[in-house]
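Engineer:
Protein chains: 2
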Amino acid sequence: MRKSIAIDMDNVIVDIETNWINWYEKEFGVKIEREELLGKPEDEAFPDPAAALSLIYKTGFFRHAPIIEGAQEALLKLQEHYDIFIVSAAMEFPNSLPEKYDWLNEHFPFISWKNIVFCGDKRIIDTDYLIDDHLKNLDFCKGTPILFTASHNVNVTKHKRVNNWNEALALLGLH
Amino acid sequence: MRKSIAIDMDNVIVDIETNWINWYEKEFGVKIEREELLGKPEDEAFPDPAAALSLIYKTGFFRHAPIIEGAQEALLKLQEHYDIFIVSAAMEFPNSLPEKYDWLNEHFPFISWKNIVFCGDKRIIDTDYLIDDHLKNLDFCKGTPILFTASHNVNVTKHKRVNNWNEALALLGLH
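Protein sequence lines correspond, in order, to chains A and B. Using the working numbering, you'd call the opening residue of the first sequence number 7 and step up by one each time. Using the working numbering, you'd call the opening residue of the second sequence number 7 and step up by one each time.
1. Could you spell out where the alpha helix (DSSP H) holding Leu136/B opens and where it closes?
2. Less than 7 Å separating the beta-carbons of Arg167/A and Leu177/A?
3. Would you say Asn28/A reaches chain B, if we count a Cβ-Cβ gap shorter than 7 Å as a contact?
4. Just checking my contact of Thr150/A with Asp134/A at CB under 8 Å: how many whole Å lie between their CB atoms?
5. Find the nearest neighbour of Ile74/B within the set Arg8/B, Lys106/B, Ile19/B and Lys164/B, judged by alpha-carbon distance.
6. I'd like to know whether the C-beta atoms of Ala12/A and Phe91/A end up nearer to each other than 7 Å.
7. Restricting to Cα atoms, I'd like to know which of Lys148/B, Cys147/B, Tyr88/B and Tyr30/B is closest to Asn121/B.
8. What ranges does the alpha helix (DSSP H) occupy inside the segment 113-166 of chain A, keeping only unbroken runs of at least 4 residues that lie completely in it?
9. Count the other C-beta atoms from every protein chain shown that fall within 10 angstroms of the C-beta of Gly45/B, then say buried if there are 16 or more, exposed otherwise.
10. In whole angstroms, what separates the C-alpha of Asp66/B from that of Pro104/A?
11. Can you say whether Tyr107/A is buried or exposed, counting buried as having 16 or more other CB atoms within 10 angstroms of its CB?
12. Please list the residues of the segment 83-114 of chain B that have a C-beta atom closer than 7 Å to any C-beta atom in chain A, keeping them in chain order.
13. So Lys148/B contacts chain A; which residues on that side make the cut at Cβ distance below 8 Å?
14. In this structure, does DSSP put Phe91/B in helix, strand or coil?
15. At the 7 Å Cβ level, is Asn169/B part of the contact set with chain A, yes or no?
16. By how many angstroms is the C-alpha of Lys128/B removed from the C-alpha of Asn170/B?
17. By DSSP's criteria, Lys9/A is part of a beta bridge. Which residues make up the other side?
18. Under 9 Å between beta-carbons, which chain A residues line up against Phe124/B? List them in chain order, please.
19. Assuming Cys147/A and Leu136/A make a contact with CB atoms under 8 Å, what is their CB distance in whole Å?
20. Just list the residues that DSSP pairs Ala14/B with in beta bridges.
21. Which residue's Cα is closest to the Cα of Gly35/B: Asp54/B, Pro47/B and Leu43/B?
22. What does DSSP give as the partner residue(s) for Ile22/B in the beta ladder?
23. Measure the Cβ-Cβ separation of Ala71/A and Tyr30/A and say whether it is below 7 Å.
24. Just to confirm before moving on: does the CB-CB distance between Val93/A and Ile131/A stay below 7 Å?
25. With a threshold of 16 other CB atoms inside 10 Å of the CB of Glu48/A, please say whether the residue is buried or exposed.
26. Could you work out which residue in Met15/B, Leu180/B and Arg8/B is closest to Arg69/B when comparing CA atoms only?
27. Identify every residue that forms a DSSP beta bridge with Ile73/A.
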């Protein structure tokens, strides 16, 4: 039987960090370097955290975010051997629901609606693997957790880490 | 440890049948009696199935659907003893995503965003129970399936059946 992989969106297939940096500069005129975000929780990473948070509610924030390098090719390859599910905790920001759906349709048209999950708590998701950037999801998943590197988690020492999609493919037996 | 229950939306907490009958009459001037729907698959139940299906894509179809009798009181009661998750295969009709979210917020404000799941295939959902009206979900769930009566499933003989929320509460040990 094919094994299943749940794949998070933000910081795993969506480059939400770059998106956030770009919007922050565009809206507030302050250019943040990626290095400044290293090791900081996402809600404390920007000079004005409340201003940064407000961006999440703006129309288009999720819809036009760039894609993480190599994600599309990697998921195409993974799909040949695994059942792939996109699992995003999108319910926290309901305005993101249609934007995330449209984003997936644009960048991952080969992922069926049957394999997309927008949820809150990911504990009820049962797949063989979870690729995610957050301990709040990885610590409680039913399968094997795989930590995908994002600036906020660089100091995390739990779980098997992959720094990019090439490393993820290698870990999952594909090259 | 508290047990968990996944609860479907349409035909379980949302009276989508009444909604469909009302919209069909309003849009096409034909009044369908509930008895005419008995035992028929939902996509063949109305005289003009394509016309009936087109209603699903209309703005407001999901947002203003009536609630199933007793659902609110039942879920309040269940929540005292179980972890309740709303699990809807909403991804098939992405236009329904914000409408279903707003509907839940109106009728079930006591359900956290953490406990809402909009998905496609429910096979990856792992809860102790699933209350649903469709075999395509119940047949593959990881927990105990509970069939909630809807017109289309009256002839189904698989799974434990409940005809309303009072029977569901009784089955789950609450009165």
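Glycine residues also receive a C-beta, built at the ideal position from the N, C-alpha and C atoms. Keep in mind that this is a model prediction, so the values were computed, not measured.
Structural biologist: Working from what's here:
1. Run containing Leu136/B: none in the alpha helix (DSSP H); it sits in the beta strand (DSSP E), Tyr135 to Asp138.
2. No. Outside cutoff.
3. With 7 Å as the cut-off, Asn28/A does not count as an interface residue toward chain B.
4. So it is a contact: roughly 7 Å between Cβ atoms.
5. Checked all of Arg8/B, Lys106/B, Ile19/B and Lys164/B; the closest Cα to Ile74/B is Ile19/B.
6. Inclusion of Ala12/A and Phe91/A in the CB contact set at 7 Å is warranted, their separation being smaller than that value.
7. Ranking Lys148/B, Cys147/B, Tyr88/B and Tyr30/B by Cα distance to Asn121/B puts Tyr88/B first.
8. Listed in chain order, they are 141-144.
9. By the 10 Å Cβ count, Gly45/B comes out exposed.
10. According to the sequence displayed, residue 66/B carries Gly and not Asp. One C-alpha to the other measures close to 15 Å.
11. That one is buried.
12. Here the close residues are Phe91, Met97, Glu98, Pro100, Leu103, Pro104 and Tyr107.
13. Residues of chain A passing the Cβ test: Asp132.
14. It is a strand residue.
15. Not an interface residue.
16. Taking the straight line from one Cα to the other gives about 22 Å.
17. Lys9/A pairs with Tyr88/A.
18. Residues of chain A with a Cβ closer than 9 Å to the Cβ of Phe124/B are, in chain order, Ala96, Met97, Leu103, Ile122, Val123, Phe124 and Cys125.
19. Between Cys147/A and Leu136/A the beta-carbon gap is near 4 Å, inside 8 Å, which marks them as a contact.
20. The sequence shown places Asp at residue 14/B, not Ala. Asp14/B pairs with nothing; no bridge assigned.
21. Nearest of Asp54/B, Pro47/B and Leu43/B to Gly35/B, Cα basis: Asp54/B.
22. Residue pairing for Ile22/B: DSSP places it in no beta bridge.
23. Taking a C-beta distance under 7 Å as the contact criterion, Ala71/A and Tyr30/A do not qualify as a contact pair.
24. Yes, these two residues count as a Cβ contact at 7 Å.
25. With 16 or more Cβ atoms within 10 Å of its Cβ, Glu48/A is classed as buried.
26. For Arg69/B, the closest C-alpha among the options Met15/B, Leu180/B and Arg8/B is that of Met15/B.
27. In DSSP, Ile73/A forms a bridge with Val20/A.
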